[in-house]
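Quick notes on the structure that follows.
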Amino acid sequence: MRWFCLPFLPLVLCLPHHPWPLPALHDVSIDSVNMRHTLTWRPLDAFCWTAALYTVQFQGEFERTILNDSWLDSPKCRRTPRTHCDLTPDLGSDSDYGVRVRAECGQQVTPWTRLNGLFNRRETLLRPLEMAVEAMGDGVRVSFERLPQTASVGITLWRQGQEQEASTVRLEQTPILFTALQEGAVYCVRACTYLDGRPGSAPTDTHCVTIRDHEEPWKKPTAAMVTVVVMAALLFAVFWSVGRCKAEGCHAHFQKEPLPFSLRQPNWPMEQLPYPEQGEICEPITALFLLELT
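Numbers given in our numbering equal positions in the sequence shown, counted from 1, plus 729.
Here you go:
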């Protein structure tokens, strides 16, 4: 057996120094939804003594024309063990981008595999957003988990049963609060995503909320019931006290102020003081008579 293995020993010793070339990566594609761009590829189809690492590069019009066809590394996808890469911050303009990826296994690297064709972020697929709707006081608050870059959202609000009178606003940032709504009414909301020059996405599901009164509904009957109970208890205590009260006890609690002495003695001698008579007061006056002579 030893003599059989000896002829292959030089070949085995030479393999680490002259390894077989690694194959290129396959199935490189980019998935772009709501302005979020994710590059994916299949894992390295070769045996590797260490963990395979992947590097992604991109090239825009500026790199092709001004920087002599140079390529830039994606900061988040330089020698990463993952088989996907988020290129959203890298592909930040409306220009056409080229993208490529390669693998490393130890000191070996695969050839670069380029994305088939150029990519422009305006080709992103618009889908309904995840929307949250809640009632706040006399208004409705609408927010989204992730708002696409350079995109706007059209929010439509209407009172239930009056969709023909719905109002729509378009904005580029959320959350938004619709205020001064009628208390006790039900309002519904839905939204669409828009990019300039493109049709909007499909609308979100309709969300409906009720605008509650400022005062909770249970407080009014509770307050009335408490008032009735307190008044009944007070009246019961008064009537019970009057019925159970003895003469001595009542006199002790309800003391009367004694009458004045003059009122308690009806035969008390009284004398009317004479009122001095005064004569008629006359004052002399001077009278002039005018006579008409004929």
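Even glycine gets a Cβ: it sits at the ideal position worked out from N, Cα and C.
Approximately 7 Å separates the beta-carbon atoms of L773 and L751; this is inside 8 Å, confirming the contact. Beta-bridge pairing by DSSP links Q837 to C834.
According to the DSSP secondary-structure assignment, S758 is paired through a beta bridge with T769.
For M860, the beta-bridge partners assigned by DSSP are F873. Across the set V757, T933 and T817, the C-alpha of T933 shows the shortest separation from the C-alpha of T922. Inter-segment contact for the stretch 900-907 and the stretch 859-872 is present: three or more beta-carbon pairs are separated by less than 8 Å. Sequence-distant Cβ neighbours of E894 in its own chain, meaning closer than 7 Å and more than five residues away, are W887.
No Cβ-Cβ contact shorter than 8 Å links L855 with D825. The C-beta of R850 has 16 or more other C-beta atoms within 10 Å across all chains shown, which makes the residue buried. Within the same chain, A753 and R831 come within 7 Å of P840 by CB-CB distance, once the 5 residues on both sides are set aside.
DSSP lists Q788 as the beta-bridge partner residues of G827. By the beta-carbon neighbour count (other beta carbons within 10 angstroms, threshold 16), D819 is buried. With a cutoff of 8 Å on beta-carbon distance, P857 and S930 are scored as near each other. Your pair V898 and Y916 does not check out as a contact, with CB atoms roughly 14 Å apart and the cut at 8 Å.
When T879, R771 and V838 are compared, the shortest CA-CA separation from R811 is found for R771.
Within its own chain, no residue has a Cβ closer than 8 Å to the Cβ of F965 once the five positions on either side in sequence are excluded. By the Cβ neighbour-count rule, I884 is buried, with 16 or more other Cβ atoms within 10 Å of its own. Closest option to E892, judged by alpha-carbon separation, among R875, E852, V918 and T951: V918. A Cβ-Cβ separation of about 5 Å places L816 in contact with H766 under the 8 Å criterion. The Cβ-Cβ distance between L801 and G827 does not fall below 8 Å. For R941, the secondary structure class from DSSP, reduced to helix, strand or coil, is coil. In this structure, DSSP gives F776 a state outside helix and strand, which the three-state scheme calls coil.
Our two residues, V882 and P928, have alpha carbons roughly 12 Å apart in a direct line. Counting C-beta atoms within 10 angstroms of its own C-beta, A953 has fewer than 16 neighbours from the protein chains shown and is therefore classed as exposed. Per DSSP, reduced to three states, the secondary structure at M865 is strand. Distances from the CA of E833 to each of F968, T809 and S803 were compared; the closest alpha carbon is that of T809.
DSSP, reduced to helix, strand and coil, places R850 within a helical segment of the structure shown.
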